[in-house]
Amino acid sequence: MSALPRNLFYAAAVLCLLGLLAHELVGAPMVLEPLENAGIPADIVWLHHFSWHVGSVAVAAMIAMFVMAGRKREHLILAGFATAISSGFALLGIGLAIFGNSALWTTPAPYPWTLVAIIGCAGLAAARKTT
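Listed below in structure tokens is the structure:
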């Protein structure tokens, strides 16, 4: 594989890592702790905790997939999966902001996964040209 797709996959992995760190280290205390003090029933609070961390697990898997795709051409399908997941996250964030509540535009939710999806698509396109 040429350097361009490899570097694009690594860039997507780095952006995912930064997103994961921001999600867990900055976002979790800003979102999860206030929920615990909001008087919401415990089952709802802990379901949100679970959902929050499921997102982190998915992003960790995306990091691994992009890195593996960058290392071996045989793993390009993994970049396709990671790009599809990121595209889904992007569409979810944008869709909820448009059709749910525009307050979501003031959060990071709609933005980073769109960029990761674009970089992943660019990496896949570049890899296809070098076959």
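Start counting the sequence shown at 544; every next residue gets the next number (my numbering). Cβ atoms here follow ideal geometry from the backbone N, Cα and C, with glycine treated the same way.
Cβ-based burial, residue i [other Cβ within 10 Å; buried from 16]
{"i": "PHE642", "result": "exposed"}
{"i": "MET573", "result": "exposed"}
{"i": "ALA668", "result": "exposed"}
{"i": "ARG614", "result": "exposed"}
{"i": "PHE593", "result": "exposed"}
{"i": "VAL610", "result": "buried"}
{"i": "ALA646", "result": "exposed"}
{"i": "PRO655", "result": "buried"}
{"i": "LEU558", "result": "buried"}
Same chain, Cβ closer than 6 angstroms to residue i, five either side skipped, listed in chain order
{"i": "LEU619", "result": "ALA612, ALA670"}
{"i": "GLY636", "result": "ALA652, PRO653"}
Member of the options whose CA lies at the smallest distance from the CA of residue i
{"i": "VAL602", "options": "THR626, ASP586, ILE587, LEU563", "result": "LEU563"}
{"i": "ALA565", "options": "GLY598, THR673, ILE628, SER545", "result": "GLY598"}
{"i": "ALA633", "options": "ASN550, LEU560, ALA571, THR657", "result": "THR657"}
{"i": "THR650", "options": "GLU576, VAL569, LYS672", "result": "VAL569"}
{"i": "ALA546", "options": "GLY631, ILE583, ARG616", "result": "ARG616"}
{"i": "TRP595", "options": "ALA571, LYS672, THR673, GLY638", "result": "ALA571"}
Close Cβ partners of residue i (< 7 angstroms) along its chain, the five nearest in sequence each way excluded
{"i": "CYS664", "result": "THR626"}
{"i": "VAL567", "result": "Correcting the residue type first, residue 567 is Glu in the shown sequence and not Val. Contacts found: SER599."}
{"i": "GLY666", "result": "PRO548, LEU551, PHE552, ALA555, ALA622"}
{"i": "TRP648", "result": "ALA640"}
{"i": "GLU579", "result": "VAL588"}
{"i": "PHE624", "result": "MET608"}
{"i": "MET544", "result": "ARG616, ALA670, THR673"}
Whole-angstrom C-beta distance between residue j and residue i, which should lie under 8 angstroms
{"i": "ALA581", "j": "ILE662", "result": "No, ALA581 and ILE662 are not in contact; Cβ-Cβ is about 36 angstroms, not under 8 angstroms."}
{"i": "ILE606", "j": "LEU560", "result": "6 angstroms"}
{"i": "ALA585", "j": "SER629", "result": "About 32 angstroms separates the two Cβ atoms, so there is no contact after all."}
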